[in-house]
Structures are given as C-alpha cells and as structure tokens.
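Asks: Mind looking over this structure? Questions follow.
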Amino acid sequence: MRRTALAGLCLVAVSVAALTGCAGEDQANGGSSNDPTGRSTTKEPNSTSRPEKKPFAGLTGGEIADKAFKATAGASSLRMSGDVPDEESGGTIRLDMALNEAGDCSGTMGFGKQGEAELIKTGDVLYLKYDEAFLRAQSKGEPQADVDAAVALLAGKWAKMSTDDADAEDLSTFCDLDMVFGGAEEGNSAATRGRTTTVDGAQAVTVEARDGKDHFTLYVATEGEPYLLRLDSASADDPGSITFSDYGKSVPLDAPKGNVLDLDSLS
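The numbering of the sequence shown is my numbering, which starts it at -19 and goes up by one.
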C-alpha cells in the first residue's frame, strides 16, 4: 500500500518535469509573428516626454526563458498551483504545493474522483494524509481485505515516513527546486518573444515555444526578479497549466498534531 499510494503522488513530479522541460529542448520556430531572433517586431508608441524602456530590451525569447528558469530555480520559496495531466488515469491532477530552497514542501494534490492527498516534507521526514477515495483508487487490483484494512488504518489520518525510504525518493526530489527546474534553462534558442500581458495583476511578457504540434507558453515577470509566473502547455500528450506565486513567502511546515502513524515501524 505504501508504494502504491505514493506512486500516485509521484505522477505529479513527472508531469511538472514534462511542462518545465518543454522549453529546455531545441524546438523549431512555430511561425510566430516575431522575427527569427525572437525580438518582437511590434513598434512602441513614441513618447516625447518620457520614453519607456521595453522589458527585456534586446533579449531574444530564448534568453528571456533562460533568465526566468534561472531566477525561479534560485528563489528562496514559491508556490505552484494548477492542473497537470495524469497519464495513468487519463484524468487531471489538481496541484497546490509550496516549496522552499531547503527542499521542504507542503500542499495538496487532488485526483478528481480518485481522491486527494496532503503532504508535508520537512527535513528528513515526510508526512502524508490520504482520503478514502485515494487509497481505494491506488489499491485497485489488490485483495479487498487488504484494501479495507489500509483504509481503516490510513484514511483521513496523518502518517509519516523517512525521506531515506526508497518509496519517498521521487517525491523528495519533487520538493527540490533545483531538481524541478534543473536543465530547463538550457537550449531555448528557438523560443520566440510574444506579447506583454498580466498574470494575477503582475505584468509579464510571454515566451512561445513549439515542438511539432505542441505549443508551450511561459509568462515571465517584467518587474523585479524575472520569475516564471505561469506555464501553459497545449501539448497533445501533456496539456496543463501551472501558476507560480508567493515568491519568498514562508512555507507552512508545522508537523501534524495528535497521533501520527509511523510507517517506517510497519516495515
């Protein structure tokens, strides 16, 4: 049960890797209205009183993407929320996770009708709480008596395990900002600069990348650090959208109160 339930959570790490890695490949230019260098061809309005400097002036779309991934990976903390594909079920995973530079994280992962899981990783301890729907969905095919016993033991209750456990390795990696964004800043030369827009009230510039029929859009902050604000994937295989927010804010990492089941003691 431990391995089966955790496997569902690890699907999110795979999906995020697909989304963040999309702009790290050498995509072909998808026919953007921008020039081949990735610089926008839109003319800026003339201003005789106070000329405004264009955000990321002189940078190509690929260079903007590089800056965004490097800044985001170097953030002290951030929050990722949105919908990512669940390749196993064909459905969607709703993600709401906060991560920090120490490799700690907390949040929830919703699997639609297949339930929800909560987690807190702090230091070398991983806390998990599953609802009944999640446990039953992830235990499909196992003996009914075993499933019922696991539900009685775990549903709606906090459990903990060491991050040294092989079952927790992938999830611990997902909580590591360097691992989530590692390598994503390399090879964005074919990405093209798009329009200026806003994401949750923050000004951003878009960077477009294509790979065959797949289309990816990055939204990069134009004020302050060039953080990634949103990433959309129109990929046929991995469609999804993730919003990045709460940069520099404290990640809630308080250990659950009350009785917490020690899964390591059940090994």
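Where is the CB? At the ideal position from N, CA and C, for every residue including glycine.
Measure the Cβ-Cβ separation of aspartate 76 and serine 61 and say whether it is below 7 Å.
Replies: Translated into the one-based positions of the sequence shown, residue 76 becomes position 96. Translated into the one-based positions of the sequence shown, residue 61 becomes position 81. Yes, Cβ-Cβ distance for aspartate 76 and serine 61 is below 7 Å.
Asks: Determine, using beta-carbon pairs with one atom in the stretch 201 to 220 and one in the stretch 42 to 56, whether at least three such pairs fall under 8 Å.
Replies: The stretch 201 to 220 is in contact with the stretch 42 to 56.
Asks: Can you grab the Cα-Cα spacing for the pair proline 35 / alanine 201, in whole Å?
Replies: Your numbering for residue 35 matches position 55 in the sequence shown. Your numbering for residue 201 matches position 221 in the sequence shown. Using only the alpha carbons, I get a separation of about 9 Å.
Asks: Assuming the contact rule is C-beta atoms closer than 8 Å, threonine 172 and glycine 41 should be a hit. Round their C-beta distance to whole Å, please.
Replies: Indexing the sequence shown from 1 puts residue 172 at position 192. Indexing the sequence shown from 1 puts residue 41 at position 61. That belief holds up - the Cβ atoms of threonine 172 and glycine 41 are roughly 4 Å apart, short of 8 Å.
Asks: How about arginine 59 and aspartate 226: do their beta carbons lie closer than 7 Å?
Replies: Locating residue 59 in the sequence shown gives position 79, where the first residue counts as 1. Locating residue 226 in the sequence shown gives position 246, where the first residue counts as 1. Closer than 7 Å, so yes.
Asks: With distances taken from CA atoms, which of Ser245, Leu134, Gly121 and Gly83 is nearest alanine 250?
Replies: There is simply no residue 250 to check, as the chain begins at -19 and stops at 247 in what is shown.
Asks: Please name the residue or residues paired with serine 221 in a DSSP beta bridge.
Replies: Within the sequence shown, residue 221 is the residue found at index 241, counting from 1. BP columns for serine 221 point to Asp63 and Asp212.
Asks: I'd like the span of the beta strand (DSSP E) that includes phenylalanine 196, first residue to last.
Replies: The count along the sequence shown starts at 1 and reaches residue 196 at position 216. Phenylalanine 196 -> beta strand (DSSP E) spans 194 to 201.
Asks: May I ask you to report which of helix, strand or coil DSSP gives glutamate 24?
Replies: Sequence index remark: in the sequence shown, residue 24 carries index 44 (1-based). Here glutamate 24 scores only 46 on pLDDT, less than 50, and its place in the model should not be relied on; the value that follows carries that caveat. Coil at glutamate 24, not helix or strand.
Asks: Nearest CA to the CA of leucine 134: which residue from Ala182, Lys109 and Asp66?
Replies: Within the sequence shown, residue 134 is the residue found at index 154, counting from 1. Measuring from the Cα of leucine 134, the nearest candidate turns out to be Lys109.
Asks: So if DSSP puts tyrosine 227 in a beta bridge, which residue, or which two residues, is it bridged to?
Replies: Residue numbering aside, residue 227 sits at position 247 when the sequence shown is read from its first letter. According to DSSP, which records beta bridges pairwise, tyrosine 227 is partnered with nothing at all.
Asks: Extract the residue ranges of the alpha helix (DSSP H) inside the stretch 37 to 118, only unbroken runs of 4 or more that lie entirely within it.
Replies: Those alpha helix (DSSP H) runs which fall completely within the stretch 37 to 118 and span 4+ residues are 41 to 53 and 112 to 118.
Asks: Between the C-alpha atoms of tyrosine 199 and phenylalanine 224, what's the straight-line distance to the nearest angstrom?
Replies: As a position in the sequence shown, residue 199 is number 219, starting the count at 1. As a position in the sequence shown, residue 224 is number 244, starting the count at 1. Cα to Cα, the separation comes out at about 10 Å.
Asks: Please state the DSSP three-state secondary structure of serine 146.
Replies: Mapped onto the sequence shown, residue 146 falls at position 166. Per the sequence shown, the amino acid found at residue 146 is alanine instead of serine. Looking at alanine 146 - three-state DSSP - the assignment turns out to be helix.
Asks: Excluding the 5 residues flanking glycine 87 on each side, which residues of the same chain have their C-beta closer than 6 Å to its C-beta?
Replies: Working through the sequence shown from its first residue, we reach residue 87 at position 107. Same-chain partners within the cutoff: Asp76, Met77 and Ala78.
Asks: Once the 5 residues before and after leucine 106 are set aside, which same chain residues still bring their CB inside 6 Å of it?
Replies: Taking the first residue of the sequence shown as position 1, residue 106 is located at position 126. Closer than 6 Å at the Cβ level, and outside the excluded window around leucine 106, lie Met141, Thr143 and Ala148.
Asks: Hey, alanine 254 and alanine 170 are a contact pair by Cβ (cut 8 Å); roughly how many whole angstroms apart?
Replies: Past the boundaries of the shown model lies residue 254; the chain is included only from -19 to 247, so the question cannot be answered.
Asks: Quick one: what's got a C-beta closer than 7 Å to threonine 242's C-beta in the same chain, skipping five residues either side?
Replies: Indexing the sequence shown from 1 puts residue 242 at position 262. Here residue 242 turns out to be aspartate, not threonine, going by the sequence shown. Excluding residues within five positions, the ones whose Cβ falls inside 7 Å are Lys140.
Asks: In the DSSP assignment, find the unbroken alpha helix (DSSP H) run with aspartate 265 in it and report its ends.
Replies: There is no way to answer for residue 265, as the model of the chain reaches only from -19 to 247.
Asks: Within a Cβ cutoff of 7 Å, which residues of the same chain sit near arginine 175, ignoring the five residues on either side of it in sequence?
Replies: For this step, residue 175 is matched to residue 195 along the sequence shown. Cβ within range, chain order: Thr186.
Asks: To the nearest whole angstrom, what separates the beta carbons of cysteine 155 and lysine 101, a pair I think is in contact under 8 Å?
Replies: Numbered from its first residue, the sequence shown carries residue 155 at position 175. Numbered from its first residue, the sequence shown carries residue 101 at position 121. Cysteine 155 to lysine 101, Cβ: 5 Å. Contact.
Asks: Cα-Cα, which of Gly70, Gly95 and Leu99 is closest to valine 131?
Replies: In the sequence shown, counting from the first residue as 1, residue 131 sits at position 151. Comparing Cα positions, the closest option is Gly95.
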